[in-house]
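Chains as they are written, first to last, in my numbering: chain G, 444 to 984; chain E, 3 to 410.
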């Protein structure tokens with residue numbers, strides 16, 4: 444603080460920097476409140492349902508069934524992801540598996556495929572109207588085991604979310620102190636026992652972090668259960684919202700948000716528990732490489748199979764659909780137009796711009812402010828990230844209709860939905876960029892006589908630009924593949940890549956969605972690149 | 003030559019423009035139909051489908067006019083012995099101009115849109131935007147939008163009278179003109195002209211002829227849960243608007259308790275749920291199901307795409323299972339484009355449009371002068387239940403019943 448500031452503060456006057464801080468706080472606060480609106484509205488809707496109806500719906504058999512389905516799905520996917528992700532991490536980080544680097548990349552890559560595209564590809568191949576059925580029909584096999592339901596949902600979701608577990612486990616493995624393992628070996632433990640008693644407990648926080656990411660993703664995913672015709676909360680909320688049954692939709696939303704809170708609480712408890720355990724070692728004393736011996740080449744089958752199922756199969760299926768067009772059985776599918784892609788780009792670009800603007804005050808306050816209160820708006824914005832897209836869609840639909848009718852059906856509502864959901868991505872990248880800017884640079888600019896806003900614009904902004912651009916790119920790319928809120932909130936006559944794929948999927952005219960689906964995978968791959976690119980810039984704290 | 007008389011007329015008059023745009027319409031319609039039928043023709047072993055470009059107006063004019071109507075029709079054996087359709091011709095209708103927004107109830111999707119595209123080609127100043135969603139979804143959406151005075155479209159085309167009735171009750175509509183609804187029989191028009199039927203759809207039972215004989219299927223829909231041959235082999239689409247209308251009809255005829263019992267018995271008999279009835283008809287044809295509940299035309303569409311499949315239709319008698327519902331149109335209460343929407347609906351009720359619906363979508367036409375296709379029983383031959391279609395709008399208790407039975 445400069446001398447003049449200190450003096451004016453003493454004298455009880457508001458210094459310019461105080462006013463700035465106030466304005467900044469107000470801005471950040473209002474953004475945070477705006478972003479919380481959909482959730483608050485949903486809570487309000489649920490509150491306005493009469494008690495008797497509330498309990499009536501809550502304790503119906505169907506509600507309990509859906510609850511059970513959701514919980515079973517989350518648990519199954521999480522468990523399976525751990526079963527797939529942890530061995531893969533161990534294999535690629537701690538053994539002498541051949542082509543380790545390649546398998547590491549391949550194992551992480553399934554994140555690139557949006558899970559509903561994966562579901563779409565699998566149903567188009569293995570579903571009753573799919574390619575496999577067509578191929579087997581002449582052989583006299585009329586029915587193949589149904590891919591729909593719990594089994595299909597679990598398989599698809601596991602294949603495309605296990606990389607979360609893989610990546611976090613791998614990060615943990617790379618930072619484990621090898622000397623404890625060596626000590627265990629000298630104390631007559633076998634390799635397996637040493638792994639179990641020394642390595643595994645240190646891995647737990649990493650595995651848990653990944654598992655909880657998987658659980659959150661599964662809980663809020665709409666596309667896959669809907670395509671697999673498995674009734675979980677997201678699917679039912681969508682059905683009830685489109686049927687405009689506000690009471691059902693709000694109650695189910697509350698239950699879904701409740702489950703999300705449970706998962707987040709579990710995550711925070713495990714994190715806190717992990718902090719007291721072993722110190723973080725930067726890998727100079729990594730445990731020695733485990734020799735696989737004659738299992739060396741056989742072990743490659745595991746990552747290969749997973750990569751084939753998750754990475755090779757969906758694009759291959761989509762490419763074969765490119766070659767053939769489905770016979771116009773339904774007559775119900777509309778032709779693809781490039782205007783749909785343009786619509787996607789437009790609305791995502793608007794969302795990116797709005798997110799970046801909204802993120803600036805939050806990021807700045809959180810990075811430069813002192814005290815817990817200054818990071819509150821930033822944390823509040825994460826709420827929107829955790830709330831599933833279908834609930835945001837439902838909330839905003841109600842808000843638009845009841846509070847701001849003039850905005851109903853306009854593009855602004857959809858853009859706002861994207862901002863609510865993806866703002867934290869922009870905040871995160873911007874904040875870490877701001878953190879890297881030396882505050883003394885700003886002071887130096889001030890001493891050279893620049894007013895604060897000009898100093899910010901000329902000194903800080905150019906340095907922060909990479910973070911802002913990365914945030915905009917992330918929001919752009921994730922908005923392009925968002926499904927549930929887009930389906931609920933799109934304006935009349937506004938079709939995007941995603942809504943087109945959805946329409947086509949419902950009509951089982953798979954051939955027509957091949958191109959848009961491949962485009963979406965490409966876009967998703969780009970967002971992965973942006974994330975990976977940021978990793979190199981970030982200075983490890 | 004027919005054209006010489008036209009050459010001498012005054013080119014500037016509206017009448018000439020009207021006539022020439024009609025001819026262009028028929029020619030364009032012929033082009034669209036022929037082009038689309040190019041693939042269809044090979045299926046039925048007809049002549050080689052060719053690549054038809056836009057017609058050369060002068061040269062094709064006379065020839066097109068002579069055979070234009072037949073180009074609207076589908077192809078193949080179903081057209082044998084088919085008389086020319088009677089009724090109001092598009093030629094006699096006023097021009098369409100302006101932008102029209104349409105809420106299109108799902109199920110017909112591409113086929114109706116094909117027809118709308120032809121209209122767009124004929125009338126250069128006319129364009130439309132359509133949003134396709136399930137009819138019941140649209141009914142709920144329209145009701146809510148009307149309440150907040152935020153209607154987003156001018157016209158609602160639904161695949162069931164139930165959804166139409168709902169939006170009328172919510173006062174989201176305005177009446178069609180008497181001239182528009184005039185040719186349609188009373189049973190298929192709302193008493194105050196708030197909606198009009200465009201194409202009829204009979205409830206039917208598609209069944210797999212390899213697995214079942216027609217005698218295995220009961221004549222009364224209430225006997226289906228008990229039929230031995232149908233256990234674990236049936237399918238339905240409970241979220242589909244037409245199915246819900248069918249349940250409403252059952253409710254009105256048999257009472258709520260009997261309907262609830264039927265729903266529970268059907269579930270005990272192992273009925274499977276699907277998202278829409280086209281998928282059911284397809285599943286029956288591949289053997290995934292033995293029989294199902296669907297509108298009659300889906301089976302015909304499946305057969306059009308794959309003629310060798312073992313699929314046939316059974317109709318029950320005198321109960322909700324043989325209900326003849328209509329897809330229809332209702333004008334939404336928006337000031338913009340009200341007149342345009344009304345004339346548009348009049349176009350949907352023209353002889354050419356009805357022939358299109360009859361031979362391309364296989365629906366029951368609304369005009370007495372247009373026959374249904376192939377060996378479909380005529381509407382008189384179907385033993386339909388004695389229910390007023392407007393009563394189908396009473397959907398609230400139906401959804402409650404379906405939820406109570408655990409179906410929804």
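Every residue gets a Cβ at the ideal spot worked out from N, C-alpha and C, and that includes glycine.
Non-local beta-carbon contacts of residue 249(E) in its own chain, meaning distances under 6 Å to residues more than five positions away in sequence, involve 400 in chain order.
Here residue 861(G) is near residue 798(G), since their CB atoms are less than 9 Å apart. Looking at the DSSP output, residue 135(E) sits in a beta bridge with 107(E). Note: residue 206(E) is bridge-paired with 296(E) in the DSSP secondary-structure output.
Per DSSP, residue 160(E) is one residue of the beta strand (DSSP E) stretching across 157-160. Going by DSSP, residue 197(E) is part of no beta strand (DSSP E) at all; its letter is neither H nor E. Residue 217(E) has a beta carbon lying at 9 Å or more from every beta carbon in chain G.
Interface residue (Cβ-Cβ distance to chain E less than 9 Å): residue 949(G) is classified as such. Taking C-beta atoms as the reference points, residue 506(G) and residue 665(G) fail to come closer than 9 Å. Listed in chain order, the non-local C-beta contacts of residue 288(E) below 8 Å within the same chain comprise 311, local neighbours out to five positions each way being set aside. Residues of chain E with a Cβ closer than 9 Å to the Cβ of residue 851(G) are, in chain order, 147, 150, 152, 154. Beta-bridge annotation (DSSP): residue 326(E) is paired with 204(E). Within the region 302-352 of chain E, the runs of beta strand (DSSP E) that reach at least 3 residues and sit entirely inside it are, in chain order, 313-316, 326-334. Listed as beta-bridge partners of residue 191(E) by DSSP are 198(E).
CA-CA distance, residue 859(G) to residue 687(G), rounds to 21 Å.
Straight through space, the alpha carbons of residue 235(E) and residue 273(E) are spaced by roughly 7 Å. Sorting 603(G), 639(G), 625(G) by C-alpha distance to the C-alpha of residue 656(G) places 603(G) at the top. Taking all protein chains shown into account, residue 238(E) has 16 or more neighbouring C-beta atoms within 10 Å of its C-beta and is therefore buried. When the five nearest sequence neighbours on each side are left out, the beta carbons in the same chain lying within less than 8 Å of the beta carbon of residue 898(G) are those of 885, 888, 889, in order along the chain.
The three-state secondary structure of residue 595(G), taken from DSSP, is helix.
Of the residues 152(E), 195(E), 154(E), the one whose Cα lies closest to the Cα of residue 166(E) is 195(E). Along the region 277-301 of chain E, the positions whose C-beta sits under 8 Å from a C-beta of chain G are 277, 278, 280, 281, 284, 285, 288, 289, 290, read in chain order.
By the criterion of at least three beta-carbon pairs nearer than 8 Å, the region 559-572 of chain G is not in contact with the region 644-651 of chain G. With 16 or more neighbouring CB atoms inside 10 Å of its own CB, residue 98(E) falls in the buried class.
Interface residue (Cβ-Cβ distance to chain G less than 9 Å): residue 136(E) is classified as such.
Contact between residue 929(G) and residue 942(G) holds: CB atoms are separated by about 6 Å, below the 8 Å threshold. Distance from the CA of residue 141(E) to the CA of residue 332(E), rounded to the nearest whole angstrom, comes to 11 Å. When the five nearest sequence neighbours on each side are left out, the beta carbons in the same chain lying within less than 7 Å of the beta carbon of residue 320(E) are those of 385, 387, in order along the chain. In the DSSP assignment, residue 368(E) falls outside any alpha helix (DSSP H), carrying neither H nor E.
For residue 262(E), same chain residues with a beta-carbon under 8 Å away, outside a window of 5 residues either side, are 403, 406, 407 in chain order. Scanning chain E for C-beta atoms nearer than 9 Å to the C-beta of residue 935(G) yields 103, 105, 131, 133, 154, 155, reported in chain order. Around the beta carbon of residue 626(G), fewer than 16 other beta carbons lie within 10 angstroms, which makes this residue exposed. Counting the other CB atoms within 10 Å of its CB gives residue 740(G) a total below 16, which places it among the exposed residues.
Within the DSSP secondary-structure output, residue 176(E) pairs in a beta bridge with 333(E).
Interface annotation for the region 496-512 of chain G against chain E: 503, 504, 505, 508, criterion Cβ-Cβ distance under 9 Å.
For residue 485(G), the nearest beta carbon of chain E is not closer than 9 Å to its own beta carbon.
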